[in-house]
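Inspection log for the structure reproduced underneath, given as structure tokens.
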Amino acid sequence: MTQDQVPDEIKVKTAFKGEFYITYISPDMKFEALVGEIKDTCRFPPDARFTVKWVDEEGDPCTLSTQEELQEAIRLYEVNKDSEITIHGEVSTLPPTPDAAGCEHTHTA
Numbered sequence: 001m002t003q004d005q006v007p008d009e010i011k012v013k014t015a016f017k018g019e020f021y022i023t024y025i026s027p028d029m030k031f032e033a034l035v036g037e038i039k040d041t042c043r044f045p046p047d048a049r050f051t052v053k054w055v056d057e058e059g060d061p062c063t064l065s066t067q068e069e070l071q072e073a074i075r076l077y078e079v080n081k082d083s084e085i086t087i088h089g090e091v092s093t094l095p096p097t098p099d100a101a102g103c104e105h106t107h108t109a
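For reference, each letter of the sequence shown is one residue, going 1 to 109 in full-length UniProt numbering.
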């Protein structure tokens with residue numbers, strides 16, 4: 001694959017409750033579709049609220065809550081020629097937070 005080529009699919013490793021799940025996504029996947037994929041893969045309870053974070057190139061967890069944040073994760077995956085995107089899912093017992101820059105968001109499963 002040359003630098004200008006976009007991969008057909010991206011390996012995503014999702015960590016949840018000490019287990020790892022491997023799935024493959026399209027580079028143009030919509031954020032809500034990714035949330036559904038994670039929900040199904042991790043078998044979240046139907047009414048669960050959960051937080052999704054991806055691990056950046058420095059090993060820092062970054063909240064993944066918008067299409068733009070997903071696109072940034074995919075962009076860095078491509079630029080760094082990573083083998084996968086690592087995501088952590090966490091079921092939350094707290095109510096969702098308001099949408100604001102820098103705030104953590106929860107999604108209803």
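C-beta atoms are modelled at their ideal positions from N, C-alpha and C, and glycine is treated no differently.
Keep in mind it's a predicted model, so treat the numbers as computed, not measured.
Classify Tyr77 as buried or exposed, calling it buried when 16 or more other Cβ atoms lie within 10 Å of its own Cβ. Residue numbering aside, residue 77 sits at position 77 when the sequence shown is read from its first letter. Flag for Tyr77 reads buried.
For the putative contact between Thr51 and Glu90, defined by C-beta atoms under 8 Å, what is the C-beta separation to the nearest angstrom? Looking up residue 51 in the sequence shown gives position 51. Looking up residue 90 in the sequence shown gives position 90. About 5 Å; that satisfies the 8 Å criterion.
Any idea what DSSP makes of Phe44, helix, strand or coil? For the purposes of this step, residue 44 is identified with residue 44 of the sequence shown, where counting begins at 1. If DSSP states are grouped into helix, strand and coil, Phe44 belongs with coil.
Applying the 10 Å Cβ sphere with the 16-neighbour rule, what's the burial state of Lys39? Position 39 of the sequence shown holds residue 39. Buried, since its Cβ has 16 or more Cβ neighbours within 10 Å.
Let me know the secondary structure DSSP gives Val84 once reduced to three states. Position 84 of the sequence shown, counting from 1, holds the residue named residue 84. It is Glu, not Val, that sits at residue 84 in the sequence shown. Coil, per DSSP.
Beta-carbon separation of Leu34 and Ile25 under 8 Å? Sequence index remark: in the sequence shown, residue 34 carries index 34 (1-based). Sequence index remark: in the sequence shown, residue 25 carries index 25 (1-based). Cβ atoms of Leu34 and Ile25: closer than 8 Å.
Between the beta-carbon of Leu64 and the beta-carbon of Ile87, is there less than 8 Å? Walking along the sequence shown from the start, residue 64 turns up at place 64. Walking along the sequence shown from the start, residue 87 turns up at place 87. It is a contact, given that the beta carbons lie within the stated cut-off.
Residue range of the beta strand (DSSP E) that Glu19 falls in? Mapped onto the sequence shown, residue 19 falls at position 19. Glu19 to Ile25 is the extent of the beta strand (DSSP E) around Glu19.
Own chain partners of Phe16 with C-beta closer than 6 Å, once the 5 adjacent residues on each side are dropped: The sequence position of residue 16 within the sequence shown is 16, counting from 1. Once the five neighbours on either side are set aside, the close Cβ partners of Phe16 are Cys42 and Gly89.
With burial defined as no fewer than 16 other Cβ atoms inside 10 Å of the residue's Cβ, what is the status of Phe44: buried or exposed? The residue labelled residue 44 in the question sits at position 44 within the sequence shown. Buried, by the Cβ-count rule.
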